[in-house]
Structure formats: C-alpha cells, structure tokens
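Protein chains in written order, with the working numbering: chain S, 170 to 475; chain D, 170 to 475.
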C-alpha cells in the first residue's frame, strides 16, 4: 500500500474498502458533534450509537431521522452515566470507537480510565497522536504528545512511540522515520529526555520497535528540512524527512499543534490511543474539518483487533 | 510612532533617522557573516569593527575593500582572543553591538558572560528575543525564550519579559500585549510556570512592568486567534491579539521558532539581550534574510543607553 498523503484520502480508503465503523458518541448534543455525525453518515464511513442523557433525547432523534438504519439511540440519566454506558458498548464489542460530544473531557476520561470497567489495558499508557497535512511539507506528519502526557518518562515515550508507529504503518508507511525532538543535537543530562532518546535509539537498533528509522535529539526544523540538516552536516534517513515527531514535553507538542493549525494553514486530525479502541476528543477550537478528520482517522485506525 | 509591522520597515526607520551602529564582529570569515556585513554596508545602517584571528586576516581586508570608511580591522591571535577583544570594544563604548561570526557559540558566550570583563551586568539575566513577521498574523510577533533559558524561574520570566517589553516599545508598541503560554487556561501546581504566571500578572497589575496588558495561562492559538478565544468564552485585550508570547520552556519556544520559519513561511529576527549591548548570534540554519534582520533588529534596539 502506498502511504496516505492527505486527510481526505483517508475517507477514500475507508469507502473503497467498505469500512463502516460503529461509533459510540457521548452526549451528541452540540453543533460540532452533529456536523461530524451528519458528514460521516453522508460519506458512509460510520454508523452511530448515540448515548444521550435524558435531557437531550430530542437531538438524538433528530439525528436519527437523517439516517434511521445507521443511527441507534441509547439513553442514560446523566452525562457521566452516558460516558459509562458508551465505554461499556466499546468494551463489549458493540462499538469500535468512542467519541466525545458535549461532556467535559475530564469526566469522559474518568470513564475511559476506570480501572475495572474502562478502556485502558492494565499497564497501558494513554497518549495523544495527531496527524497533520501541512501545505509546506511533502507528506503527512504524525506527532505526540500534544495533549495528554506532561513530561514523558522513558516508559511513556516507548509506549506512545509504539502507538504512533502502529498508526503510521496502518496509513502505509512500512518503515516510519521517527525524529526525537529537542532544541539542539546535544545529549545533555540537564535535559533528561535527551538521555531517554539515547536509550530509545538503542532499543530501536535492537529491533524493539520493528522496522523503523529513529534519530535525535534534533530540532523540528532539522527533522523536516533537509537543507537545515545539510548546513549542520547532519545526514540520516530521518533528517529532513521525518514521519513522526516525538516532543519532549506537552508544551512543546501543544505549541507545534497550535502553530501548525494557526500559521501553517494545516489540517490536523487527532485521537487518544493506547486504549482498547480509539477515543476521539475534538478540541473546542479545532476547525470543522479537523474535527471530522479526527473521526476519520479513528475509523481508519480501528480497534486493537484490526 | 506607529508600530513597526514588517522587518524591512526596521531598515527604513534606521535609514530615515540616519542611525549607523558600530558593530563588532567576532571572526567574520564565513559566507553568511560576509553576506550580512556587505548588505548592511550597502544599506548604510552599520559600520563594522572586524575582529579576526591571525589566520583569516585576508577575509577582513577583502571586506574592508568594499567600504574602507566603514570597516575597521582588529586582530587577535585566536578566536577566543578575538571574542575577548570584541567584548572589550563594546565595554569601552567603541562598538554598540556584538555579532558572532565563525566561532563556537559557547566560546563567544564565555567572553560575553565573563564576570569582570563581560557584558552582563551584575545580577542581570541573559535571554533571547525573537521577532517574527508571519504572513498569517496581522502584526509582528515577539517571543522568548527559544534559545537560552531552559526552564525559566519566576525571576528569569520577570527579567526577559522586561527585555521584550523594552524592545517592543522601541518598535512602537506603547502598551504591549503579553500572553503567558501554556497548553491550556488552567493554573495547576503540577506546572510550576503557571504559578509564576499568576504572580507575574499580579505584578503587572501593580504597574511593575509599566504600561502593559498581560494575560495567561493560555495556548498559542488562543493568544493569536480571536475566534479561538471566542469559542472558549475568553476575552481580554491579549486574547487573539498578542504582541509578545512568553513560552514556559526552551523546547516550546524553540519549537515555535522552527515551526514558524519552516511551515509558517515567516521571517524571524533574533538577538541576545539583558547585556550592555545586543548580541547577534545567527543560527546556522536561519535564512540569509533572517540573519540580516537579526542584525537590523539589534541596530534598532541599540545599547542600554539609547
């Protein structure tokens, strides 16, 4: 399979393979969520299990009228109960994906992370992965972690790199190129993440991550611009040609996300991973396109059994 | 004075005021430095004190031949001695600005930070300030710290915000809008910089920073995009309209710098400040334009007596 090069191409892949995921939506009663649901129904890539609290049943019925065969309604008393029920639907295999509607992210995550009845396997690491289509880059750019893990430990780096690699391979990159980001090329104990990077590269060279190129520390420009690498006398399969950017902390990852979307004219899809099934948690300030492509990305990723 | 809105406008200001700074250059023997010197001579905004080690005297003579009245040559045995001599020229008032040529940044900084004979006042804080012209933003964007301070303490935040404000005011913003950046709006003791932000806002409200609007924590998109602020129900003179972005750590600041320059099609000027005079330290992977405008910015900033 050729690597996917745009977000809209993800839709074509789903359609050409007649993949139609079952998406459990918690509290689908805000305009953004409705937009995503209606567009996904029209493009025939998903069917929906709408889990609504008592107060908003009418919105759910309205959505169902658009496509009765592909919209199912479940009711729960409160948003928190709706979250628990939706998580249950994913656990029991009735849904493939969990998506957030009008519920506080922290409350949704409480249900997702519940020790006995949640979606995170024992010892698993929840992380965020984003996929960006940037006009000034020659392919899709995957990156973590812009939203969940504040200061990744070695173990957390290892886990979320595995998540990102799995997704990147599903989108057609057989041997992804992973850049471990810092503000320079220097390994320095004052910056503990650079020590983690040395260990991760060692593990990659031993095959622990499967087929992969991994390099760093390097800055974001060196990772994505071959000319910058040349000037610095750096050359590796990763320099100037990264598929996956690994950020040292959440502020750097979040800055990249926001700067790309604001000043790089990029479309960005994102989801939570490490869970039994992808969890779609659109950010309020994302564009409609970004919100929709986040669901599309989750549909393409599928659950852990795919 | 109307705020300056582009980097090239800085050149016009210097020319219209007939400001011609004296720039001491350490080891001006690489093509990038030569380019900057020749362009500055042609645009008549600077004269140069070239401090060269014994080996590269010929390059200096070649540069002098282009403009004998505005190029002066000083010799030192080694690059480290050249750095010390250039710093001395600034300390004694013979030069207004220090600029790096082909010398290791760490070696140059050793001379700059020398306790008795360096350029940092007792108790001063060295920091980096960058000024970006981004096609998708409506004015210049100032930010710190992308290059010097790894994890700013409250005292370091306070100092570099003062440096940035001084520069921002010199470029015509009488009441700059300062955004204190984080990945969300939440103050959280797990993120100590958000506690510093609370204190800084308090100090700003007491007038410690002079005429200023200061707000945060907020993310980069909220700081620069009014629509994102609206969606989140946030409104302040800073939201969507920031002049100065304060980053919580060097990786976030550096990521912003590199992402803007690579994917935001931005021109960025930068310099070290907090010293008796600006220090221009172009990064190897900066464009020729960025390197030149870094010198122009320093010329406009002038030394602490301006």
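Glycine included, each C-beta is placed from N, C-alpha and C at the ideal position. Note that the structure is predicted; figures quoted are calculated from it, not measured.
Asked: Would you say residue 193 (chain S) and residue 222 (chain S) are within 8 Å of each other, going by their C-beta atoms?; Found: no
Asked: Which of helix, strand or coil does DSSP assign to residue 216 (chain D)?; Found: strand
Asked: Just to confirm, are residue 384 (chain D) and residue 397 (chain D) a CB contact at a threshold of 8 Å?; Found: no
Asked: Please identify the residue among D:188, D:300, D:413 whose C-alpha is closest to the C-alpha of residue 349 (chain D).; Found: D:413
Asked: Let me know the secondary structure DSSP gives residue 177 (chain S) once reduced to three states.; Found: helix
Asked: Note the first and the last residue of the continuous beta strand (DSSP E) segment covering residue 387 (chain D).; Found: 382 to 387
Asked: Starting from residue 313 (chain D), trace the beta strand (DSSP E) in both directions and tell me its first and last residue.; Found: 310 to 313
Asked: Under DSSP, the beta strand (DSSP E) around residue 297 (chain D) begins and ends at which residues?; Found: 296 to 302
Asked: Taking only the alpha-carbon atoms, compute the straight-line gap between residue 185 (chain D) and residue 420 (chain D) and give it to the nearest angstrom.; Found: 38 Å
Asked: Are the CB atoms of residue 251 (chain D) and residue 281 (chain D) nearer to each other than 8 Å?; Found: no
Asked: Give the residues from the segment 403 to 418 of chain D that approach chain S closer than 8 Å (Cβ to any Cβ), ordered along the chain.; Found: 416, 417, 418
Asked: Below 9 Å between beta carbons is the criterion; list the residues of the segment 417 to 436 of chain S that meet it against any residue of chain D, in chain order.; Found: 417, 418, 419, 420, 421, 422, 423, 424, 425, 426, 427, 428, 429, 430, 431, 432, 433, 434, 435
Asked: Any beta carbon from chain S within less than 8 Å of residue 319 (chain D)'s own beta carbon?; Found: yes
Asked: Answer with yes or no whether the minimum CB distance from residue 351 (chain S) to chain D is below 8 Å.; Found: yes
Asked: Which residue spans inside the segment 400 to 440 of chain D form an unbroken beta strand (DSSP E) run of at least 3?; Found: 413 to 415
Asked: Indicate whether the contact test is met: 3 or more Cβ pairs, each with one atom in the segment 419 to 433 of chain D and one in the segment 349 to 364 of chain S, closer than 8 Å.; Found: yes
Asked: For residue 359 (chain S), return the contacting residues in chain D, with the cut-off set at a CB-CB distance below 8 Å.; Found: 319
Asked: What are the complete alpha helix (DSSP H) segments, minimum 4 residues, inside the segment 313 to 363 of chain D?; Found: 323 to 339
Asked: Where residue 293 (chain S) and residue 444 (chain S) are concerned, what is the direct C-alpha to C-alpha distance, given to the nearest angstrom?; Found: 8 Å
Asked: Going by Cα to Cα distance, which pick from S:378, S:418, S:365, S:430 is closest to residue 394 (chain D)?; Found: S:430
Asked: For residue 241 (chain S), list the residues DSSP reports as bridge partners.; Found: S:218
Asked: Beta carbon of residue 411 (chain D), beta carbon of residue 338 (chain D): below 8 Å?; Found: no
Asked: Could you tell me how far apart the beta carbons of residue 418 (chain D) and residue 327 (chain D) are, in whole angstroms, since I believe they sit closer than 8 Å?; Found: Actually they do not touch by this definition, with Cβ atoms about 16 Å apart.
Asked: Let me check understanding here. Comparing Cα to Cα, which of S:224, S:296, S:315, S:260 lies closest to residue 284 (chain S)?; Found: S:260
Asked: In the segment 447 to 464 of chain S, which residues sit with their C-beta less than 8 Å from some C-beta in chain D, listed in chain order?; Found: 453, 454
Asked: Since residue 334 (chain D) and residue 365 (chain D) should fall inside the 8 Å C-beta cutoff, what is the C-beta to C-beta distance between them, to a whole number of angstroms?; Found: That pair is no contact at about 16 Å.
Asked: Which residues in chain S sit within 7 Å of residue 397 (chain D), going by Cβ to Cβ distance?; Found: 454
Asked: Could you tell me which residues DSSP pairs with residue 267 (chain S) in its beta bridges?; Found: S:193, S:448
Asked: Whose C-alpha, out of S:317, S:360, S:435, S:308, is nearest the C-alpha of residue 340 (chain S)?; Found: S:308
Asked: I'd like to confirm the pairing. Which residues does DSSP put opposite residue 442 (chain D) in its beta bridges?; Found: D:296
Asked: Listed in chain order, which residues of the segment 273 to 286 of chain D have Cβ atoms closer than 8 Å to some Cβ of chain S?; Found: none
Asked: Is there contact between the segment 225 to 243 of chain S and the segment 174 to 181 of chain S, where contact requires at least three CB pairs shorter than 8 Å?; Found: no
Asked: At a Cβ threshold of 8 Å, is residue 303 (chain S) touching chain D?; Found: yes
Asked: Taking 6 Å as the limit between beta carbons, can you name the residues of its chain near residue 304 (chain D), skipping five residues before and five after?; Found: 434
Asked: For residue 198 (chain D), verify whether its CB is less than 7 Å away from any heavy atom of the ligand MG.; Found: Judged by which ligands are present, the structure shown has none, so any question about the ligand MG falls away.
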